[in-house]
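Asks: Pasting a structure here, questions to come.
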Amino acid sequence: DKMGRKKILIHKIDDVKNREVTFNKRKVGLMKKAIELSVLCDCEVAVVVFHDSHLYQYSSDPTITTTLKRYMEYQGPYEQIQNEDLDDLKPGKASSFKVGRTLMKHCVPQNADMATVVMNNNRESHAPLSIPIGPRSPLRINRERRPSRGEVSDGSLL
Numbered sequence: 001d002k003m004g005r006k007k008i009l010i011h012k013i014d015d016v017k018n019r020e021v022t023f024n025k026r027k028v029g030l031m032k033k034a035i036e037l038s039v040l041c042d043c044e045v046a047v048v049v050f051h052d053s054h055l056y057q058y059s060s061d062p063t064i065t066t067t068l069k070r071y072m073e074y075q076g077p078y079e080q081i082q083n084e085d086l087d088d089l090k091p092g093k094a095s096s097f098k099v100g101r102t103l104m105k106h107c108v109p110q111n112a113d114m115a116t117v118v119m120n121n122n123r124e125s126h127a128p129l130s131i132p133i134g135p136r137s138p139l140r141i142n143r144e145r146r147p148s149r150g151e152v153s154d155g156s157l158l
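With the UniProt record's numbering as the guide, the letters of the sequence shown map in order to residues 1 to 158.
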């Protein structure tokens, strides 16, 4: 008999009290994982969660504004994962590198505010000013030199 946790069916929890308890536990877990990812992998992480009328946020940078500004100014390929990709995400599996869609993000004009960008956004992708660039290429690791944050090497995402 295999030891481990039983996989649960992911769907909206109908009972309001149970849903609130689950939200609070998973929110703490999400924030903890974001911190761990930032520290262990030396990467910049931002998490924004809206629940009911509350906003919860975490940023590895002292202010989330710096990370959001960097996001708005970023140009280049990026990975987009959505709810329907859940079953394809498997920790430690090479196939998980191919989950989601690789898109090309174009810089948002500096005078554009976030509300304008969101309202004019492509309704299907939920990503500001993005266009598909095709299937993802396999992950390539360059062991000679460590790339800087957000740097693209050989056209693949790091």
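Glycine included, every Cβ here is placed at the ideal spot set by N, Cα and C. Bear in mind that the values here come from a model prediction, so they are computed numbers and not experimental data.
Fully enclosed by the region 58-97, which alpha helix (DSSP H) runs are 4 residues long or longer?
Replies: You should have 64-73.
Asks: Write down every uninterrupted run of the beta strand (DSSP E) in the UniProt domain "MADS-box" (3-63) whose length is 3 residues or greater and which is fully enclosed by it, in chain order.
Replies: Counting whole runs of 3 or more residues, the UniProt domain "MADS-box" (3-63) contains the beta strand (DSSP E) stretches 46-51 and 54-59.
Asks: Quick check: the region 17-27 against the region 36-45, are there 3 or more CB pairs under 8 Å?
Replies: Touching, no.
Asks: Looking only at its own chain, which residues have a Cβ that is under 7 Å from the Cβ of E124, when we skip the five neighbours before and after it?
Replies: In this predicted model, E124 has a pLDDT of only 39, less than 50, meaning its place in the structure is not dependable enough to derive any value.
Asks: Using only CA atoms, which one of E36, I64 and L37 lies nearest to V49?
Replies: Comparing Cα-Cα distances from V49 to each of E36, I64 and L37, the minimum goes to I64.
Asks: Classify M104 as helix, strand or coil using the three-state DSSP reduction.
Replies: Strand at M104.
Asks: Pick from S59, K90 and D88: whose alpha carbon is nearest that of K32?
Replies: The shortest Cα separation from K32 among S59, K90 and D88 belongs to S59.
Asks: Pull up the distance between the alpha-carbon of A127 and that of R70, whole angstroms please.
Replies: Per-residue confidence for A127 stands at a pLDDT of 43, beneath the threshold of 50, marking its modelled position as unreliable; the derived number appears in the next sentence. Using only the alpha carbons, I get a separation of about 14 Å.
Asks: Give every residue of the same chain whose Cβ lies closer than 6 Å to the Cβ of V45, excluding the five residues on either side of it in the sequence, and list them in chain order.
Replies: These residues qualify, in order along the chain: A34, L37, S38 and S60.
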